[in-house]
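Quick note on numbering: the working numbering labels position 53 of the sequence shown as 125, and the sequence is numbered without any gaps.
Built from N, CA and C at the ideal position, the CB exists for glycine as well.
Model, not experiment: these values are computed from the prediction.
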Amino acid sequence: MNLPDRIYSQYRTKPKLVDWMNIARKLGGDIEAAAEAVRYSYDIDTAAGEQLDIIARIVVIDRGFIANIPLEQVRADAVVSTQARAGDGSRAAAKTAASDSAMSDGLLRIAIKAKIAKNNGDATIRSILKQMMIIAPNIEYISVFDNQDMTFGIEFSGQINDLTRWSLFNSDLIQRPQGVQFLGITEKSDYYRAAPTADAVRAGQENIRARRYRGQ
């Protein structure tokens, strides 16, 4: 219903009264817009830039982090035409270099969610599993191994992106019970089989079965 319909007919043509009656509705709309802005300003999934930085400061996370940059292995041989093998010429082992970087909004969102789950968790197996699903909701398999010797580890498999993988392997975001050593995270991947002959592999008569994995 329009505002003039709620005013007595003899006053509907009085602009000052119409404006005065409209004050409450106008203020109410402004208050609603402000309330919605405050409500969604702390929405991690929609916040970006400075808004996301404010949320990060609340949970004590900074965009800056140290990233390891892998350096490829280089080999040299005395004779250019031959391929360098073990013991030939000289070799330089692969190394990594630390570099200061800044988190993107996508990575910072994952870190914020993981930090909130860590701060509010009780470090039980159920709580750790719940936190892992927050960090990587597309995980197909996840297991927490309690070795009964004050140590534990995590194993998982599934399709995850590089941002999620970084948050799992290169950050201290996993809950850890007090006095219990965390052995790290293992990512299960494809299985490989080895046998004396190719026919044996095809026949399923493998002698060795190796699992490719990533570990912290």
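Is residue i buried or exposed, if buried means 16 or more other CB atoms sit within 10 Å of its CB?
i, result
"residue 181", "buried"
"residue 190", "buried"
"residue 222", "exposed"
"residue 196", "exposed"
"residue 179", "buried"
"residue 99", "exposed"
"residue 105", "exposed"
"residue 276", "For residue 276, the predicted model reports a pLDDT of 43, less than 50, meaning its position is unreliable and no value from the coordinates is stated."
"residue 202", "exposed"
"residue 200", "buried"
"residue 88", "exposed"
Measure the C-alpha to C-alpha separation of residue i and residue j and round it to an integer number of angstroms.
i, j, result
"residue 232", "residue 207", "10 angstroms"
"residue 94", "residue 117", "36 angstroms"
"residue 250", "residue 210", "29 angstroms"
"residue 246", "residue 205", "12 angstroms"
"residue 248", "residue 255", "10 angstroms"
"residue 225", "residue 107", "44 angstroms"
"residue 110", "residue 121", "16 angstroms"
"residue 176", "residue 119", "12 angstroms"
"residue 258", "residue 236", "14 angstroms"
"residue 244", "residue 102", "42 angstroms"
"residue 125", "residue 135", "8 angstroms"
"residue 90", "residue 97", "11 angstroms"
"residue 85", "residue 130", "53 angstroms"
"residue 234", "residue 215", "21 angstroms"
Residue j and residue i - do their beta-carbons sit closer together than 8 angstroms?
i, j, result
"residue 217", "residue 227", "yes"
"residue 183", "residue 239", "yes"
"residue 114", "residue 133", "no"
Length-filtered (3 minimum) beta strand (DSSP E) runs lying within the segment 202–238 = 211–218, 223–230
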